[in-house]
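Visitor: Got a structure for you, written out below as structure tokens; questions coming shortly.
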Amino acid sequence: MLKKILIGVVILAIVTVASMVLMVGYANKIKGSNEKILTSKNASPKKALIIFQPSLSDVTSLMANSIAKGLNDEGYEVTLNYPEKDLKYNISKYSIVIFGSPNYAGKPLTVVTDYMSKIKDLSSKKVIAFSTGADASKKDELEIMEKSLNGTKTYKKVKFLSSSKKESESKAYNLGKELSKE
Numbered sequence: 156m157l158k159k160i161l162i163g164v165v166i167l168a169i170v171t172v173a174s175m176v177l178m179v180g181y182a183n184k185i186k187g188s189n190e191k192i193l194t195s196k197n198a199s200p201k202k203a204l205i206i207f208q209p210s211l212s213d214v215t216s217l218m219a220n221s222i223a224k225g226l227n228d229e230g231y232e233v234t235l236n237y238p239e240k241d242l243k244y245n246i247s248k249y250s251i252v253i254f255g256s257p258n259y260a261g262k263p264l265t266v267v268t269d270y271m272s273k274i275k276d277l278s279s280k281k282v283i284a285f286s287t288g289a290d291a292s293k294k295d296e297l298e299i300m301e302k303s304l305n306g307t308k309t310y311k312k313v314k315f316l317s318s319s320k321k322e323s324e325s326k327a328y329n330l331g332k333e334l335s336k337e
């Protein structure tokens, strides 16, 4: 009887690990362009770029869009998109550049960090890294994201909790408003 229980536990563990690997693999694929531009009412607005990879639960998308709304409500033109194989944007046009990734197993998605590492000079930009996940005390993924910036230090690193969507959404919106004023 004990042997059957042990075999059942081992099989369950293998299925769980395999499921996680498949889910992260799916989340870590290049999704293609999903560009969205929030235009400003200002004649010559400052511009912000938000590059993020959506999470399986869409929390990362919600946070990216909330930051964008906060910036846009303060007069910024904001471009949102997923990371792509090639660099699509002329970074010199943007005063704020934001990167977002869900956190799986303590790490950001490589599709995001690979994109970040392709950008050679962000030194004159306000660079923000954000992640979404379940554990507020663990922020290793933000350090990994910063290391992908070729020596550029982030202006701010923020983690949004997937378990507190409404609170995190408000925090993200306020972050956008705050960034526009600094």
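Sequence positions in the sequence shown follow this note's numbering and run 156 to 337.
Each residue gets a CB set at the ideal place from its N, CA and C atoms; glycine is no exception.
1) Is the distance from the Cβ of A203 to the Cβ of V164 below 8 Å?
2) Just to confirm the assignment, what range does the alpha helix (DSSP H) spanning A284 have?
3) Mind checking M271: buried by the 16 CB within 10 Å criterion, or exposed?
4) Are the CB atoms of G225 and G306 within a distance shorter than 8 Å?
5) Please list, in chain order, all residues of the same chain as K281 whose beta carbon is under 6 Å from its beta carbon, the five residues on each side excluded.
6) What are the boundary residues of the alpha helix (DSSP H) that includes Y270?
7) What residues in its chain sit with their C-beta under 6 Å from that of G380, if we drop five residues either side in the sequence?
8) Please identify the residue among N245, A291, G255 and A223 whose C-alpha is closest to the C-alpha of P238.
9) Within a Cβ cutoff of 6 Å, which residues of the same chain sit near K186, ignoring the five residues on either side of it in sequence?
10) For E232, which three-state DSSP category applies?
11) Along the chain, which unbroken stretches of the beta strand (DSSP E) at least 3 residues long are found entirely within the region 194-255?
Guide: Short version:
1) no
2) Not the alpha helix (DSSP H): A284 falls in the beta strand (DSSP E), residues K281 to G288.
3) buried
4) no
5) I251 and Y310
6) T265 to K273
7) Look at the range of the chain in this structure, 156 to 337, and you will see that residue 380 is not part of it.
8) G255
9) Y237
10) strand
11) 202-207 and 232-236
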